[in-house]
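Number of protein chains: 2
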Amino acid sequence: MENINEILSLDSKENTSNFSKGDILQREGENCSKAFFVKKGLIRSYTIDNKGKEHVFMFAPEKWVIADIESQEFNQPAKLFIDCVEASEVIILDRRLLFKSDLNIDQLKNNVNLLSRRVAVLQRRVIMLMSASAKDRYELFLETYPKIPNRVPQRMIASYLGITPQALSTLRGEIARKK
Amino acid sequence: MENINEILSLDSKENTSNFSKGDILQREGENCSKAFFVKKGLIRSYTIDNKGKEHVFMFAPEKWVIADIESQEFNQPAKLFIDCVEASEVIILDRRLLFKSDLNIDQLKNNVNLLSRRVAVLQRRVIMLMSASAKDRYELFLETYPKIPNRVPQRMIASYLGITPQALSTLRGEIARKK
DNA sequence: GTGATTTGTTAATCTACATGAATGCATAGG
DNA sequence: CCTATGCATTCATGTAGATTAACAAATCAC
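Rendered as structure tokens:
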């Protein structure tokens, strides 16, 4: 969701809110018509499975948008939690504003591009999850989010990769030893 | 990509082509501006990793659309192969027609919805790949594609699930024994 | 039809990663 | 300041699924 000119132009019409580290913007089960644009800080979305285990779906550093598109699209209560990894400044957008209202052709084309980009990123992630080892996935994470590894606790990175913090620790140990 | 009225309306302007089982519609490395709408039959997309192993990305039975959106979006040569699991009748669409040309507002809104749906499906698949066991993934596959399990070779289902054919065979054995 | 290749199944062994527990550090609250 | 809780790391052990191999059934080529 890199092209953000349009979103920023909505800034004046929408609220910018400030949140502290750990604040929860959306809980599982809630009605979720909101999307969150990160002006400053770092937020993440995640599920909690039936064994109580967290699975980080994505991180959103500055200028990224985060939303529970699956639940919105199927008109279901939220499947994802969204909370702040750092203190953050967030523009809260109504999803209907982004996708449904009386936008003009250029805005709609822009949205088509935003969504295509999102599909592309997810396609890559699915292929990666199916075919790559934990080490390869860690390396792709570093590429995808080059600026955030030192801002995110190890356990969240592990959760994003689909492995345990212990496995990530061992992995990092091996990588460090090789260099 | 369930809402297909618009696509079907393009039918007359576009070519319908017939393919035999095994025919390849797109190869890795090719320029890929096409999307494929399946009128009849069954096609799939997949990657081949650097160890020569296939990973099925998705199946497209009747009325589904398949395309390598990642490569198109980033203007790269195709990452995905696309071929026919069964003899198929396919409408070949130019991606630019679907996403880029002078469409009217309703058509663009429709495309936004198609892409949102696609994002939603991929979000679900990512979460599933991260958190679910092979057995759970198999059950979700049966839900996602209720009509095709008997039309697709086991090895392709295994590949879609991210496991080996042997593991799937054992799994199916266990499920059958329990019933 | 016949032989050859591909497919699905079962079983033995191997391995990447999970799980559980112990330890040293850090950060937070009183 | 001290204690408590959480976090990262390491190690011992467990396990889901990979790998390899063998074989039967199905499909393909001719």
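Which chain is which? The protein sequence lines are A and B, in order. Numbered according to the numbering used here, the first sequence spans residues 1311 to 1489. Numbered according to the numbering used here, the second sequence spans residues 1311 to 1489. Glycine included, each C-beta is placed from N, C-alpha and C at the ideal position. Note that the structure is a prediction, hence the values are computed from the model and not measured.
- The beta carbon of residue 1428(B) sits closer than 7 Å to some beta carbon of chain A.
- Between residue 1359(A) and residue 1329(B), the alpha-carbon positions lie close to 43 Å from each other.
- Around the beta carbon of residue 1351(A), 16 or more other beta carbons lie within 10 angstroms, which makes this residue buried.
- Taking a C-beta distance under 7 Å as the contact criterion, residue 1348(B) and residue 1372(B) qualify as a contact pair.
- Across the region 1432-1443 of chain A, CB contacts with chain B closer than 7 Å involve 1432, 1433, 1434, 1435, 1436, 1437, 1439, 1440 and 1441, in sequence order along the chain.
- The three-state secondary structure of residue 1430(A), taken from DSSP, is helix.
- One alpha carbon belongs to residue 1398(B), the other to residue 1353(B), and they sit about 7 Å apart.
- Between residue 1421(A) and residue 1422(B), the C-beta spacing is below 7 Å.
- DSSP places residue 1460(B) outside both helix and strand once states are collapsed to three, so it counts as coil.
- Within its own chain, the residues whose Cβ lies closer than 8 Å to the Cβ of residue 1474(B), once the five positions on either side in sequence are excluded, are 1468, listed in chain order.
- Shown here, residue 1482(A) sits in a helix according to DSSP, grouped into three states.
- At a beta-carbon threshold of 7 Å, none of the residues of chain B lie near residue 1369(A); the nearest stands roughly 13 Å away.
- In the DSSP assignment, residue 1397(B) falls outside any beta strand (DSSP E), carrying neither H nor E.
- Taking C-beta atoms under 8 Å as the contact rule, residue 1449(A) and residue 1391(A) fail to qualify, at a distance of about 27 Å.
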